[in-house]
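Colleague: After the structure tokens below, expect a handful of questions from me.
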């Protein structure tokens with residue numbers, strides 16, 4: 001190669017050489033796929049759900065049976081065979097699982113986070129953290145089976161009137177499942193609290209208990225709240241455990257009445273699975289109701305994720 | 320963080336009650352242990368229901384206690400006190416053997432039952448021919464323009480694998496029509512043993528820094544596989560199975576153990592632990608056979624692993640579901656790995672700091688929070704309703720699960736790529752490398768272990784998912800192994816769900832379901848332990 005060639009070779013612009021262009025476009029398409037996924041989810045849920053409602057079905061050119069959007073959002077009876085689609089019956093059971101699992105997971109998760117961040121030795125952390133990860137790694141259908149076969153009979157000893165399918169056992173396993181999520185996000189927030197604050201507390205004569213509860217937890221509050229919301233959003237979207245353990249009969253129950261946790265009901269996700277395992281026809285009303293429930297579920301979880309993101313950004317204590 | 324405040328010597332500051340602090344501390348510990356202990360108890364229950372250790376003769380327990388438990392405990396206890404790294408090495412070898420044995424079962428399902436060996440061989444040949452062309456083209460990289468090389472490579476692969484209908488047969492077709500074809504076990508020995516030989520050879524050449532040693536190790540790996548396939552039938556083991564298990568499980572474990580014995584003098588005593596476990600199990604097995612002690616009447620047995628669903632719990636098996644899970648995992652990995660890593664590379668290395676990049680960023684974290692059942696709806700709506708695919712196939716099941724874990728793969732790959740020091744990139748640019756060359760030669764090799772760990776963990780999530788598969792219409796009961804991308808698929812968690820809800824009866828609850836749960840958890844444990852070993856290795860190297 002002569003020097004002239006070398007010079008042109010070294011100074012040529014490679015930014016848009018074919019190879020660079022090809023690889024850059026490939027990587028860009030990969031990243032854009034996530035946007036396409038979101039758009040498809042939103043588009044699909046909205047178009048299919050609007051075929052379900054009387055109000056919007058004509059716009060989609062759908063004739064045939066439809067359901068009233070008001071009845072859907074305010075009705076409390078879910079009976080596919082008698083064409084009653086009151087989503088509140090499903091939402092109330094989902095709410096029960098959420099409340100029940102929150103009662104278990106939120107205090108235990110925060111306590112775990114405090115222990116891991118403030119008290120545990122490095123060695124204990126290196127054992128406890130993977131052990132907690134296992135809790136989140138067990139398939140949810142397995143948790144459902146545990147609730148049905150082992151936890152419900154154990155609860156029967158305490159509450160003889162408990163049903164084979166009940167919200168209590170489902171709430172317990174969902175609660176156990178989301179403990180690691182609360183714990184790991186809260187612990188990240190607590191570890192991010194600067195050591196100077198702790199040292200200042202000790203310098204004032206505070207005990208470790210005072211420092212943990214009076215300094216570290218308040219300083220990490222935004223992270224703890226955001227972990228709560230994310231974990232609850234996970235509990236709402238949880239499918240297989242509640243499908244197996246919570247029951248198959250849709251019922252409107254009062255989530256604030258403890259006695260109703262002994263009964264079985266049908267949360268939103270379980271209703272979706274039930275719709276598909278039952279014999280529904282391709283384009284029928286029941287099939288389209290699937291997407292209406294899906295839309296409700298998607299909106300609830302999306303709003304919760306956005307709130308969690310906002311809380312952790314907006315109220316983060318900057319150090 | 321862990322500041323010691325128990326300075327009880329200074330009494331003059333007055334009394335501070337330590338009761339609250341102590342109570343609080345133990346409450347926290349109890350809270351931490353609650354979930355872990357609950358799950359552990361549940362796991363003991365399900366393992367007891369599935370394996371039923373109490374149904375075995377007392378003599379059986381006693382024999383294995385003497386041959387396996389006692390020697391292992393003695394060796395392990397000695398090593399734990401004297402030489403912990405050696406104990407780790409021994410544990411590693413034992414774990415490797417267990418995980419690889421399980422893995423070889425999966426390989427046997429894929430390369431013997433799903434893909435007939437001859438078909439497999441034909442595609443291997445069909446891929447080797449264009450691959451050779453690529454190697455040649457890379458050699459003359461400077462002389463041939465890039466576009467021409469890409470075009471030639473693409474054309475070679477298409478011509479070789481698809482051929483030109485009517486004019487020119489594809490290479491796999493030609494291979495399949497050869498008048499004389501080798502027996503199945505020869506093909507398996509050649510292909511799987513060949514792969515094992517290459518891997519083992521490179522490993523030995525690297526640790527011994529000696530090419531001849533590597534060649535010798537590779538040749539002996541191939542020989543060992545062939546020997547197992549020849550000797551196997553005389554001992555009552557199927558030749559195909561012998562070839563697969565030897566090449567996938569025994570050869571790599573032997574190579575690792577042998578390599579450690581030669582290069583790590585301080586720790587090689589740990590191999591005694593592995594020897595105690597292996598010899599103890601074999602001696603125990605022979606002894607109970609000779610003495611006529613009956614083992615536990617476990618529901619997880621050979622019949623359960625190799626037969627299909629049945630109306631009675633005793634005869635029900637998991638085989639089509641295991642095969643389905645393997646095929647789904649392969650599809651999910653093939654789709655989500657390149658797409659996820661590609662997106663991560665774009666976001667970390669290419670993306671300009673503008674609104675669109677930030678939007679993608681927020682979007683991915685929101686996608687990670689979308690419930691899995693909604694992804695199932697996406698698969699149902701887009702692939703089945705709009706694209707007109709048949710319901711419940713391997714392809715759309717894999718595609719749906721791939722979309723589900725894509726955000727997780729992207730997030731963990733981004734973390735791995737971000738951990739690559741900026742200095743290394745700057746050095747590469749300083750040498751005149753382009754962006755792609757930097758990504759290919761510096762960033763990806765450096766981030767690869769982290770990316771791999773994240774991907775395996777995400778695959779572990781996908782293998783346990785049931786809801787998306789139900790939504791796309793995967794059948795609850797499948798009697799045949801899926802053999803193509805367009806055949807109906809079942810999966811292990813789906814089968815467990817079907818047994819525990821659709822065939823709900825006391826019989827299934829106490830027999831088939833616990834057995835299915837134990838198999839599913841064992842596979843998950845194997846996958847997660849691979850990921851954790853990789854992560855630890857990666858962290859200790861940095």
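Residue numbers (our numbering), protein chains in the order written: chain A, 1 to 319; chain B, 320 to 861.
Note that beta-carbon positions come from the ideal geometry of N, C-alpha and C, so glycine has one too.
#1: Can you find a C-beta in chain A that's less than 7 angstroms from the C-beta of residue 353/B?
#2: Over the uninterrupted alpha helix (DSSP H) stretch that includes residue 305/A, give me the two end residues.
#3: Which residues in chain A have a C-beta closer than 8 angstroms to the C-beta of residue 459/B? List them in chain order.
#4: For a contact meaning CB atoms closer than 9 angstroms, what does residue 24/A contact in chain B?
#5: In chain order, what residues of the same chain lie with their CB nearer than 8 angstroms to the CB of residue 83/A, ignoring the 5 residues before and after it?
#6: With DSSP as the reference, label residue 855/B as helix, strand or coil.
#7: Closer than 8 angstroms by beta-carbon distance: list the chain B residues that pair up with residue 269/A, in chain order.
#8: Quick check: the Cα distance between residue 86/A and residue 340/B, rounded to an integer number of angstroms?
#9: Quick one: which chain B residues come within Cβ less than 7 angstroms of residue 19/A?
#10: Select from the segment 199-218 of chain A all residues with a C-beta closer than 9 angstroms to any C-beta belonging to chain B, and list them in chain order.
#11: Which residue from 151/A, 246/A, 209/A and 100/A puts its Cα closest to that of residue 115/A?
#12: Considering Cα atoms alone, identify which of 397/B, 468/B, 343/B and 668/B is closest to residue 18/A.
#13: Hey, is the segment 70-80 of chain A in contact with the segment 168-187 of chain A, meaning 3+ C-beta pairs nearer than 8 angstroms?
#14: Find the residues of chain A that neighbour residue 819/B, judging by a C-beta separation of less than 9 angstroms, and give them in chain order.
#15: Verify the CB distance criterion: does residue 305/A have a CB-CB separation below 7 angstroms to chain B?
#16: What's the call for residue 425/B, buried or exposed, on a 16-neighbour Cβ count within 10 Å?
#17: What are the boundary residues of the alpha helix (DSSP H) that includes residue 622/B?
#18: Among the residues of its own chain, which have a CB less than 7 angstroms from the CB of residue 56/A, if the five just before and after it don't count?
#19: Please compile the residues from chain A whose C-beta is within a distance smaller than 7 angstroms of the C-beta of residue 722/B.
#20: Could you tell me the distance, in whole angstroms, from the CA atom of residue 323/A to the CA atom of residue 687/B?
#21: Using a cut-off of 7 angstroms between C-beta atoms, extract the partners of residue 48/A located in chain B.
#22: Run the CB neighbour count on residue 750/B, radius 10 Å, all protein chains shown included, and call it buried at 16 or more, exposed below.
#23: Quick check: what's the CA-CA separation for residue 188/A versus residue 378/B?
#24: Measure the C-alpha to C-alpha separation of residue 69/A and residue 54/A and round it to an integer number of angstroms.
#25: Looking only at its own chain, which residues have a Cβ that is under 6 angstroms from the Cβ of residue 416/B, when we skip the five neighbours before and after it?
#26: Let me know the secondary structure DSSP gives residue 818/B once reduced to three states.
#27: Using the C-alpha atoms, what's the distance from residue 211/A back to residue 203/A?
#28: Alpha carbon to alpha carbon, how far is residue 532/B from residue 722/B? Give it in angstroms, no decimals.
#29: Excluding sequence positions up to five away, which residues of its chain have a Cβ less than 7 angstroms from the Cβ of residue 272/A?
#30: DSSP puts residue 78/A in a beta bridge; with which residues?
#31: For a contact defined as C-beta to C-beta under 8 angstroms, what are the partners of residue 501/B on chain A?
#32: Kindly indicate if chain A contains any beta-carbon less than 7 angstroms away from that of residue 789/B.
#33: Applying the criterion that 16 or more other CB atoms from any shown protein chain within 10 Å of the CB defines a buried residue, is residue 326/B buried or exposed?
#34: Kindly indicate if chain B contains any beta-carbon less than 7 angstroms away from that of residue 93/A.
#35: Determine, using beta carbons only, whether residue 772/B and residue 853/B come nearer to each other than 7 angstroms.
#36: Could you tell me the distance, in whole angstroms, from the CA atom of residue 785/B to the CA atom of residue 141/A?
Modeller: Walking through what the data contain:
#1: Position 34 of the second chain, counting from 1, holds the residue named residue 353/B. It does: the Cβ of residue 353/B has a partner Cβ on chain A nearer than 7 angstroms.
#2: Counting from one through the first chain, the residue named residue 305/A turns up at place 305. 285-314 is the span of the alpha helix (DSSP H), which, as asked, contains residue 305/A.
#3: Here the question's residue 459/B lines up with position 140 in the second chain. Neighbours of residue 459/B on chain A: none; closest Cβ ~15 angstroms, over 8 angstroms.
#4: Locating residue 24/A in the first chain gives position 24, counting from the first residue. By Cβ distance, chain B contributes 665, 669, 754 and 755.
#5: Within the first chain, the letter at position 83 stands for residue 83/A. Once the five neighbours on either side are set aside, the close Cβ partners of residue 83/A are 65, 67 and 285.
#6: Along the second chain, read from residue 1 onward, the residue named residue 855/B stands at position 536. Helix.
#7: Numbered from 1 along the first chain, position 269 holds the residue referred to as residue 269/A. Correct list: 690, 692 and 786.
#8: Counting from 1 along the first chain, the entry for residue 86/A is found at position 86. Counting from 1 along the second chain, the entry for residue 340/B is found at position 21. The alpha-carbon atoms of residue 86/A and residue 340/B are separated by roughly 51 angstroms.
#9: As a working note, residue 19/A is residue 19 in the first chain. Residues of chain B passing the Cβ test: 465 and 755.
#10: 199, 202, 205, 206, 207, 208, 209, 210, 211, 212 and 213
#11: Translated into positions along the first chain, residue 115/A becomes position 115. Residue 115/A has its Cα closest to that of 209/A, out of 151/A, 246/A, 209/A and 100/A.
#12: As a position in the first chain, residue 18/A is number 18, starting the count at 1. Closest in alpha carbon position to residue 18/A, among 397/B, 468/B, 343/B and 668/B, is 468/B.
#13: no
#14: Counted from its first residue, the second chain places residue 819/B at position 500. Per Cβ cutoff of 9 angstroms: 141, 144, 145, 148, 149 and 244.
#15: In the first chain, residue 305/A corresponds to position 305, counting from 1. At least one chain B Cβ lies under 7 angstroms of residue 305/A.
#16: Counted from its first residue, the second chain places residue 425/B at position 106. The residue in question, residue 425/B, is buried, as its Cβ has 16 or more Cβ neighbours within 10 Å.
#17: As a working mapping, residue 622/B is identified with position 303 in the second chain. The continuous alpha helix (DSSP H) containing residue 622/B extends over residues 621-625.
#18: Stepping through the first chain from its first residue, residue 56/A is reached at position 56. Around residue 56/A: 50.
#19: Stepping through the second chain from its first residue, residue 722/B is reached at position 403. Neighbours of residue 722/B on chain A, chain order: 37.
#20: A query on residue 323/A cannot be resolved here, the shown segment of chain A reaching from 1 to 319 and no further.
#21: Reading the first chain from its first residue, position 48 is the one you call residue 48/A. The contacting residues are 700.
#22: Reading the second chain from its first residue, position 431 is the one you call residue 750/B. So residue 750/B ends up on the exposed side.
#23: On the first chain, residue 188/A is found 188 positions in, with the first residue counted as 1. On the second chain, residue 378/B is found 59 positions in, with the first residue counted as 1. Their Cα atoms are separated by approximately 52 angstroms.
#24: Numbered from 1 along the first chain, position 69 holds the residue referred to as residue 69/A. Numbered from 1 along the first chain, position 54 holds the residue referred to as residue 54/A. Straight through space, the alpha carbons of residue 54/A and residue 69/A are spaced by roughly 7 angstroms.
#25: Numbered from its first residue, the second chain carries residue 416/B at position 97. The answer, listed in chain order, is 572.
#26: The sequence position of residue 818/B within the second chain is 499, counting from 1. Correct three-state label for residue 818/B: helix.
#27: Position 203 of the first chain, counted from the first residue, corresponds to residue 203/A. Position 211 of the first chain, counted from the first residue, corresponds to residue 211/A. One C-alpha to the other measures close to 11 angstroms.
#28: Position 403 of the second chain holds residue 722/B. Position 213 of the second chain holds residue 532/B. Answer to the nearest angstrom: the Cα atoms are 44 angstroms apart.
#29: Translated into the one-based positions of the first chain, residue 272/A becomes position 272. Sequence-distant Cβ neighbours of residue 272/A in its own chain, meaning closer than 7 angstroms and more than five residues away, are 290, 293 and 294.
#30: For the purposes of this step, residue 78/A is taken as the residue at position 78 of the first chain. In the DSSP output, where bridge partners are listed per residue, residue 78/A has 85/A.
#31: Locating residue 501/B in the second chain gives position 182, counting from the first residue. Here the premise fails: no neighbours, minimum Cβ distance about 39 angstroms.
#32: Position 470 of the second chain, counted from the start, is the residue given in the question as residue 789/B. Yes, because at least one Cβ of chain A sits closer than 7 angstroms to the Cβ of residue 789/B.
#33: Translated into positions along the second chain, residue 326/B becomes position 7. Low local confidence applies: a pLDDT of 49 at residue 326/B is under 50, so the model's placement there is unreliable, with the coordinate-based value given in what follows. Exposed.
#34: Start at 1 with the first residue of the first chain, and residue 93/A comes out as number 93. No, its Cβ sits nowhere closer than 7 angstroms to a Cβ of chain B.
#35: Counting from one through the second chain, the residue named residue 772/B turns up at place 453. Counting from one through the second chain, the residue named residue 853/B turns up at place 534. The answer is yes: Cβ separation under 7 angstroms.
#36: Position 466 of the second chain, counting from 1, holds the residue named residue 785/B. Position 141 of the first chain, counting from 1, holds the residue named residue 141/A. Distance between the alpha carbons of residue 785/B and residue 141/A: 7 angstroms.
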